[in-house]
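Quick note, the sequence shown lines up with residues 72 to 247 if you use the working numbering.
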Amino acid sequence: MALVERIDEKATRNNARGVLSEYRSLKRRVSGSVIDPYSLIKSQEITDMPMHHSNQNGVEKTMIHKLRFVRPSAEKARQEAENQIKVACIDRALNVLSDVSRDVLKLTYTDPNKYTRSQIAGKLKVYSVNEFGEHEVRFYSVQGIQVLKDKALIEFAEAYSDPYGTELIEYETVEN
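Pasting the structure below:
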């Protein structure tokens, strides 16, 4: 038995990818649940006529009035609360990462737009000072982005915790 268990990096990265890959859909569901569903029923009235109550949609008004006390099922409410907690846990874990790791993971998994490694390489910049004291901008290579992403996934797995006891870090089995 070893004194310090070694992290199985491949399995840990896969666990972190699994959690992060759900982020976009969870975020859409969470932001959609904040909107009152019955406010979406009412259509806009566009008219060039003077304001008068007769140009309201009576059927819509009746439907909204009848549906005002309808509540989501307990299962749906529980699922929405669970989604909000998962999104908050992912956001909290991302906020404690280094700037480069956070940027790589956000562009890869949490940004509403999906970016390829080459697009991420074009977006991430490194500033350095040359021998003449001038600031230069350098970009990461596509292979460099993959290395950064692998390190960032391990960092994320270390930082992630949720109230459900999900453990992203897996350890190698030690054989005697």
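Note that the Cβ used here is the ideal one computed from N, Cα and C, for glycine as well.
Contact set for residue i: own chain, Cβ-Cβ below 7 Å, skip 5 residues either direction
i, result
"Val105", "Only weak support exists for where Val105 lies, its pLDDT of 47 falling under 50; the value from the coordinates is given anyway. Excluding residues within five positions, none has a Cβ falling inside 7 Å."
"Ser212", "Ala192"
"Ser199", "Glu207, Arg209"
"Pro234", "Ile156"
"Asp182", "none"
"Ala228", "Thr83, Asn86, Ala87, Leu239, Ile240"
"Asp79", "Glu241, Tyr242, Glu243"
"Leu224", "Arg84, Ala87, Arg88"
Opposing strand residues paired with residue i [DSSP bridges]
i, result
"Glu207", "Ser199"
"Ile78", "Tyr242"
Cut-off 8 Å between Cβ atoms - residues of its own chain near residue i, not counting five sequence neighbours on either side
i, result
"Tyr231", "Ala87, Val90, Cys160, Ile161, Ala164, Thr237, Leu239"
"Asp107", "With a pLDDT of 49 at Asp107, under the threshold of 50, the predicted position of this residue should be treated as unreliable, though the coordinate-derived value follows. Answer for Asp107: no residue qualifies."
"Tyr186", "Leu178, Thr179, Lys194"
"Glu226", "Leu168, Ser169, Ser172"
"Ser92", "Tyr180"
For residue i, the nearest candidate out of the options (CA to CA)
i, options, result
"Gln214", "Asn201, Ala223, Lys194, Arg188", "Arg188"
"Val175", "Glu131, Asn166, Lys196, Lys220", "Lys220"
"Lys98", "Asp79, Lys81, Phe140, Glu151", "Glu151"
"Lys222", "Glu205, Val171, Glu146", "Val171"
Expected contact under 8 Å - CB spacing of residue i and residue j to nearest Å
i, j, result
"Asn154", "Arg100", "5 Å"
"Glu243", "Arg84", "Not really, about 14 Å apart at Cβ, beyond 8 Å."
Same chain, Cβ closer than 6 Å to residue i, neighbours up to 5 away in sequence not counted
i, result
"Ile216", "Arg188, Ile191, Ala192"
"Tyr109", "Since pLDDT at Tyr109 reaches only 49, below the 50 mark, its modelled position is unreliable, and the value read off the structure follows with that caveat. Closer than 6 Å at the Cβ level, and outside the excluded window around Tyr109, lie Ile135, Leu138."
"Asn201", "Glu207"
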